[in-house]
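Just so you know, we're using the numbering used here here: the sequence shown kicks off at 354 and counts up by one.
Cβ coordinates follow ideal geometry from the N, Cα and C atoms, glycine included.
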Amino acid sequence: MTALVVVGTQWGDEGKGKIVDLLTEQADAVVRYQGGNNAGHTVMFGDETHILHLIPSGILRDTMSILGNGVVIDLPELLKEIEELRENGVEVQGKLHVSARSHLVMPWHRLIDQLREKDKGEKKIGTTGRGIGPAYEDKVGRRGIRMGDLRHPETLLARLQEIIAEKNALLTHLYEASDQCFDPVSIQQEYLGYFERIQPFVTETPVLVHSLVEQGRRLLFEGAQGTFLDIDHGTYPFVTSSNTVSGNACAGGGIGPRHISDVVGIVKAYTTRVGSGPFPTELLDQTGEFLRSEGQEFGATTGRPRRCGWFDAVLVRYAVRLNGITSLALTKLDVLDKFETLKLCVGYRMKDGSIQTDFPFEGHDEVEPVYEELPGWNTKTAGITEYDQLPKNLLDYLARIEELVEAPASIISTGPKREDTIVLQPDRFWKS
Ligand code: GDP
Ligand code: IMO
Ligand code: MG
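The following block contains the structure:
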């Protein structure tokens, strides 16, 4: 068995970047398999802070980094990210590989995403405005442009003419934005220019993945977003446009399920969400505000304040099942250092009075969380690296979460930096 998948168990921003970077120390390659530059993964070590949007967090460790076929790529943004890494002393040449089958996020995708959101007003999804939804729509609608298509300028132009005719009609007649229409020839030229720069990185990544599997190498699949932003399993329509669950590591990364041995679920010690949509344990009071300021809960991609609330075991237990999670990485426990008491949501009281412990299909806005209260530890744990130094009340909180969500913890994170971590079983990964 050679593959470990890292997934977010809530609504994203659980600390996946930090944990992927940590586990990359033992990995031979890191693969992104879905999403695009809607993601923002923060990695901190020493005095350095990096926020990665597209490139796998493994790049910071000199490890092979692969953008799989399931990712949607905004090419100028990818080139910008490569440049930024270079400016920060991280060279990607020879380490980064980009799938020829990955779909491109084109300028009309970004524009339509933003125009649609504006039109929706109060009912907006609260997308990142990066064109992710429209790009996946075109992929599934068989109107997409793949990275490898940029190798063939003439057929590319013919496809652009067809696609842009439709987009321009939409912009003119539906969005009254005729001044923002696109020209196929200038787009062709612009993208051929980008392609010249990205070409050395483009390859058939599934073939690369298969050869790594054959060599018995350790692969790490880096999920983006979180389980409840999944297009099938999330709080639809307030979701992203890809499958974020671990199963998609197979389709989006080009690997068969039998090679996956571990699925590490990243769990924030409380709950956050950016954008609109249901959030049963949301705190709209001073406690929520306190969590936001203590946890620095502002989006890594858009800078928007994140909505904050108590830990929701209904969500995470469901995520453990959906993703086949083998162990948990608990992050941001230190953010709870100043609480006298803590609440854990153990079930939802539905409108008809019944208690639900599986994530329900509907009525999220009306459910009333059923809370259990635990004593806080009310002492500083930020930066602790020894398990024995953790206060008893923190260990009790952790143990109750493990019990409720039915999965054991393998990693405890006590701060944003790589160093602020306790790995409970250092040799447990890639073993089974
Ligand atoms: P991702 O999208 O899942 O990779 O998460 P983000 O990077 O968007 O958001 C997580 C934030 O929490 C980042 O700013 C991290 O540096 C920070 N972080 C991660 N783990 C911890 C932790 O254990 N404690 C604290 N205080 N911050 C953490
Ligand atoms: P990481 O990987 C948190 C949210 C947006 C919005 C919804 C749809 O950093 O955890 P989209 O632009 O994808 O069409 O927006 O999904 N969203 C995220 N929220 N973390 C993310 O990524 C997110 N990526 C998208 O806020 O609610
Ligand atoms: Mg993030």
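Using DSSP with H/G/I as helix, E/B as strand and the rest coil, what is residue 700? Residue 700 falls in the strand class under three-state DSSP.
Determine the burial state of residue 659: buried for a count of at least 16 other Cβ atoms within 10 Å of its Cβ, exposed for fewer. Result: buried.
Please name the residue or residues paired with residue 762 in a DSSP beta bridge. DSSP lists 681 as the bridge partner or partners of residue 762.
Beta-carbon proximity of residue 480 to residue 669, cut-off 8 Å: No; because the gap between Cβ atoms is not below 8 Å, this pair is not in contact.
What is the DSSP secondary structure of residue 450, reduced to helix, strand or coil? DSSP places residue 450 in strand when its eight states are reduced to three.
Assuming residue 636 and residue 663 are in contact, meaning their beta carbons sit under 8 Å apart, how far apart are those beta carbons, in whole angstroms? Right, the Cβ-Cβ distance comes to about 7 Å (below 8 Å), so this counts as a contact.
Nonlocal neighbours in the same chain, by C-beta distance under 7 Å from residue 537, ignoring five residues either side: Leaving aside the five residues that flank residue 537 on each side, the residues in its chain whose CB is nearer than 7 Å to its CB run, in chain order, 510, 513, 514 and 517.
Could you check whether residue 700 and residue 616 sit closer than 8 Å to each other, using their CB atoms as the reference points? Not closer than 8 Å, so no.
For residue 612 and residue 575, I'd like the C-alpha separation in whole angstroms. When only Cα atoms are considered, residue 612 and residue 575 end up about 15 Å apart.
Using only the alpha-carbon positions, how far apart do residue 381 and residue 531 sit? Distance between residue 381 and residue 531, taken at the CA atoms: about 49 Å.
Relative to the C-alpha of residue 803, which residue among 630, 666, 366 and 439 is closest? Since the displayed the chain opens at 354 and closes at 785, residue 803 lies outside it and no answer follows.
Among 720, 554 and 423, nearest to residue 633 - alpha-carbon criterion: Of the listed residues, the one whose Cα sits closest to residue 633 is 720.
Could you round the C-beta distance between residue 696 and residue 647 to whole angstroms and report it? I think they count as a contact, below 8 Å. Their Cβ separation, rounded to whole angstroms, is 16 Å, which puts residue 696 and residue 647 out of contact at 8 Å.
Looking at ligand 1, does it come within less than 7 Å of residue 768, judged from the CB to the closest heavy atom? Indeed, a heavy atom of ligand 1 lies less than 7 Å from the Cβ.
Under a CB-based cut-off of 8 Å, is residue 601 close to chain E? Looking for chain E here will not work: only one protein chain is present.
Exposure label - residue 650; buried when at least 16 CB within 10 Å: Residue 650 counts as buried, since no fewer than 16 other beta carbons sit within 10 angstroms of its beta carbon.
Simplified DSSP state of residue 531, which is helix, strand or coil: DSSP, reduced to helix, strand and coil, places residue 531 within a helical segment of the structure shown.
Around the Cβ of residue 407, are there at least 16 other Cβ atoms within 10 angstroms (buried) or fewer (exposed)? Flag for residue 407 reads buried.
Runs of alpha helix (DSSP H) lying entirely within the region 569–611, each at least 4 residues, in chain order: Qualifying alpha helix (DSSP H) stretches, in chain order: 601–606.
Where does residue 657 fall in DSSP's three states? Assignment of residue 657 by DSSP, reduced to helix, strand and coil, places it in the coil class.
Relative to the C-alpha of residue 427, which residue among 497, 765 and 622 is closest? Among 497, 765 and 622, the Cα nearest to that of residue 427 belongs to 497.
Could you tell me whether the region 370–380 touches the region 407–421, using the rule of 3 or more Cβ pairs below 8 Å? Yes: the two stretches touch, three or more of their Cβ pairs being nearer than 8 Å.
Enumerate in chain order the residues of its own chain whose CB-to-CB distance from residue 747 is below 7 Å, with the five nearest sequence positions on each side excluded. Within the same chain, residue 747 has close Cβ partners 686, 730 and 734.
Hey, how far is the Cα of residue 683 from the Cα of residue 555? Each residue's alpha carbon lies about 35 Å from the other.
Please state if the CB of residue 644 and the CB of residue 694 are separated by a distance shorter than 8 Å. Contact flag unset, no.
Would you say residue 403 touches ligand 1, meaning its beta carbon is less than 7 Å from a heavy atom? For ligand 1, not one heavy atom lies less than 7 Å from the Cβ of residue 403.
Beta-ladder partner(s) of residue 724, from DSSP: Residue 724 pairs with 698.
Between the CA atoms of residue 534 and residue 769 - distance to the nearest angstrom: Rounded to whole angstroms, residue 769 to residue 534 spans 43 Å at the Cα level.
Just to confirm, is the Cβ distance from residue 494 to residue 452 under 8 Å? Not in contact: residue 494 and residue 452 (Cβ atoms no closer than 8 Å).
Between the C-alpha atoms of residue 470 and residue 482, what's the straight-line distance to the nearest angstrom? Taking the straight line joining both Cα atoms gives about 8 Å.
Using 8 Å as the Cβ pair cut-off and three pairs as the minimum, do the region 618–626 and the region 379–399 touch? Contact annotation: the region 618–626 does not touch the region 379–399, with fewer than three C-beta pairs closer than 8 Å.
Status (buried if at least 16 other CB within 10 Å, exposed otherwise) for residue 639: By the neighbour-count rule (16 or more Cβ atoms within 10 Å), residue 639 is not buried but exposed.
Cβ-heavy atom distance, residue 447 to ligand 3, below 7 Å: No - ligand 3 has no heavy atom lying nearer than 7 Å to the Cβ of residue 447.
Is the separation between the beta-carbon of residue 591 and that of residue 641 shorter than 8 Å? Judged by beta-carbon spacing, residue 641 lies beyond the 8 Å limit of residue 591, meaning their Cβ atoms are not closer than that value.
Contact set, ligand 3 heavy atom to C-beta under 5 Å: After applying the 5 Å Cβ criterion, the set is 366, 393 and 653.
Is residue 582 near ligand 2, with its Cβ less than 7 Å from a heavy atom? Yes.
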